[in-house]
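>
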Amino acid sequence: MSLGQASSIVVAGDVDAGKSTLIARLLQETGSLSVGVSESVRKACDNLGRGFEYAYFLDSFEEERLTERTIDTTQAICRLPRGNFCVFVDVPGHQEFVQAMLSGASYADSALLVIDANQPITQQTKRHALLLEFIGIPQIIVCINKLDLCGFKQAAFER
Amino acid sequence: MNNPSRLDILESQSIYIIREAYWRYKGGLALLWSMGKDSTAMVHLARKAFLGDPPISVVHIDTGYKFKEIYAFRDRYAKEWNLNLSVVKNQDAMSRGVSCEGDRFSCCTALKTEALAQAINLYHWQALLVAIRRDEHTIRAKERYFSSRDKDSRWDYQHQGVELWGEYFRTQLQPGTHARVHPLLGWRELDVWEYVLREKLPVVSLYLAKHKQRYRSIGCECCCQTVSSAADTVAKIVKELRVTRLAERSGRVQDKEREYMMQKLRSLGYM
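The listed protein sequences correspond, in order, to chains A and B.
Note that my numbering has the first sequence beginning at 221, numbered continuously upward.
Note that my numbering has the second sequence beginning at 39, numbered continuously upward.
1) Going by other Cβ atoms of all chains shown within 10 Å of its Cβ, with 16 needed for buried, is B/S133 buried or exposed?
2) Do we get a CB-CB distance below 8 angstroms when we pair B/A285 with the residues of chain A?
3) Identify the residues that DSSP records as bridge partners of B/C138: which are they?
4) Could you compute how far the alpha carbon of B/V96 sits from the alpha carbon of B/W193?
5) Do you know offhand how far A/E316's Cα is from A/E282's?
6) Determine, using beta carbons only, whether B/E237 comes closer than 8 angstroms to chain A.
7) Please confirm whether A/I392 has its beta-carbon closer than 8 angstroms to some beta-carbon of chain B.
8) The alpha helix (DSSP H) with A/Q319 in it runs from where to where?
9) Say whether chain C places a C-beta atom closer than 8 angstroms to the C-beta of B/L202.
10) Between B/F117 and chain A, is any beta-carbon pair separated by less than 8 angstroms?
11) List, in order along the chain, the chain A residues whose C-beta lies closer than 7 angstroms to that of B/T264?
12) Mind checking the segment 281-301 of chain A against chain B and listing, in chain order, the residues whose C-beta falls within less than 8 angstroms of any C-beta there?
13) For chain A, check one thing: does any of its Cβ atoms lie closer than 8 angstroms to the Cβ of B/D194?
14) Classify A/I341 as buried or exposed, calling it buried when 16 or more other Cβ atoms lie within 10 Å of its own Cβ.
15) Examine the Cβ distances between the segment 197-210 of chain B and the segment 68-79 of chain B and report whether three or more of them are shorter than 8 angstroms.
16) Quick one: is A/N267 near chain B, going by C-beta distance under 8 angstroms?
17) Taking DSSP as the reference, what is the three-state secondary structure of A/V235?
18) So what does DSSP say about A/N365, is it helix, strand or coil?
19) Which ranges would you report for the alpha helix (DSSP H) in the segment 193-244 of chain B if only whole runs of at least 4 residues count?
20) Looking at the secondary structure, which residues open and close the beta strand (DSSP E) in which A/A298 lies?
21) Could you please give me the residues that DSSP links to B/Q186 through a beta bridge?
22) Verify the contact flag: A/F281, CB atom, against every heavy atom of the ligand NAP, threshold strictly below 7 angstroms.
23) Quick check: is the beta carbon of B/A217 nearer than 8 angstroms to any beta carbon in chain A?
24) A/F354 lies in the beta strand (DSSP E); which residues open and close that run?
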């Protein structure tokens, strides 16, 4: 079942690759975050004594925020120019929650596979790539994340 | 149909889910109608799914605190559309005078969640059609189309099942449990209003601006606030929603009384 005319993109990859954070950041850059929701996220971060966490826009469960990892899949609408939009599907990276990853990914028609530049390519990353293929997603865009943490070195990207 | 529009696709998906739920649960299926725009659109979809005469009970959970316009709307269209309407109330809590003056969490739990749980036991409903949408709240965004509740109506949100391609729903129920079915889960607020406009559906007048104020989300009178708006027709609402940055439920007090309010309400069986 597709989601109407809008394309939907699942953001997959290993735990802590920065999937939820990446989506929330894209939502912010496109002006897709509503005012009331931003306030509630800011409040939640203050109460936990943490700096602003973009991931909380998607990780709405208290348990997800406390453990800083996505437990269940969710979807968010990203506004695009001329009244168009796309849907981002966030999924958990942890292997324990692979059933939620499958559920979320099955609603997508393309995928971003997020990889932490500071880590070797993990078994879980490869597993997600395999599952995306199994689900029937023909197109996977690889996204090398956290390049700032390794000083934007070309070598890290190429590794 | 050559090029189905987004609304055509959403409509046919929702009708598919409603029919799928009826096929699975038959007379054990009920539809929650709050007279808000979303559940009124869902009543319309159920009527379309069954040629104007849905074999589904329609349920209003009445807290006694709804706006008078909402009650008038309910009575008018229940009659006009010939709905099989049940009004359910937590009589015990109402006679104890439970209200949002005290604590909103307890009020919502007693007058909505518990009222519904009592009715499920009384009428032996196996499944409820609920018009929640992902884009109205980040906790609701975590839902499935078919979502099971235990015998105490609790939502085990940390262990939700697999739901693949929007086709393989988990409809099997353990004895004493029930399912929540969400046909409008993928609709946006804007989609609902465009659908209201296209299908010429009636809406409660509170949604339309009067003196530059309107309600974007309606429920109990004590827990809803207006937003500034000049949209006094459905067409103007559609136009307004294309540009607004304000959250839909920003006027709903019960979501915000304390942190994780919606998660806590919903884990106990709130819609």
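Note that CB positions come from ideal geometry on N, CA and C, so glycine has one too.
By the coordinates alone:
1) The residue is exposed, with fewer than 16 neighbouring Cβ atoms inside 10 Å.
2) So yes, B/A285 belongs to the interface.
3) Assignment of beta-bridge partners to B/C138 by DSSP yields no partner.
4) A direct Cα-Cα distance of roughly 22 angstroms separates B/V96 from B/W193.
5) Computed Cα separation, rounded: 18 angstroms.
6) No, because no Cβ of chain A sits closer than 8 angstroms to the Cβ of B/E237.
7) Coverage of chain A is limited to positions 221 through 379, which leaves residue 392 of chain A absent and any answer about it impossible.
8) For A/Q319, the enclosing alpha helix (DSSP H) begins and ends at 318-325.
9) Of the protein chains in this structure, namely A and B, none is chain C.
10) The identity of residue 117 of chain B in the sequence shown is Lys, whereas the question assumes Phe. For B/K117, no Cβ of chain A is located within less than 8 angstroms of the residue's own Cβ.
11) Simply none; closest approach about 14 angstroms.
12) For the segment 281-301 of chain A, residues whose beta-carbon sits nearer than 8 angstroms to a beta-carbon of chain B comprise F281, E282, E283, I291, D292, T293, T294, Q295, A296, I297.
13) Output row for B/D194: interface = no.
14) Exposed, since its Cβ has fewer than 16 Cβ neighbours within 10 Å.
15) Result no; under three Cβ-Cβ pairs closer than 8 angstroms.
16) Yes, contact with chain B.
17) Taken through DSSP and simplified to helix, strand or coil, A/V235 comes out as coil.
18) Strand at A/N365.
19) Every alpha helix (DSSP H) stretch that sits fully inside the segment 193-244 of chain B and reaches 4 residues is listed by chain position as 227-237.
20) At residue 298 of chain A the sequence reads Cys, which differs from the Ala that was named. From DSSP, the beta strand (DSSP E) with A/C298 extends over 294-299.
21) Residue identity differs from the one stated: residue 186 of chain B is Ser in this sequence, not Gln. Bridge partners of B/S186: B/A217.
22) For the structure depicted, the ligand NAP is absent and the ligand set is empty, with no information on it obtainable.
23) No, no contact with chain A.
24) Counting along the chain, A/F354 sits inside no beta strand (DSSP E); it lies in the alpha helix (DSSP H) bounded by residues 343-355.
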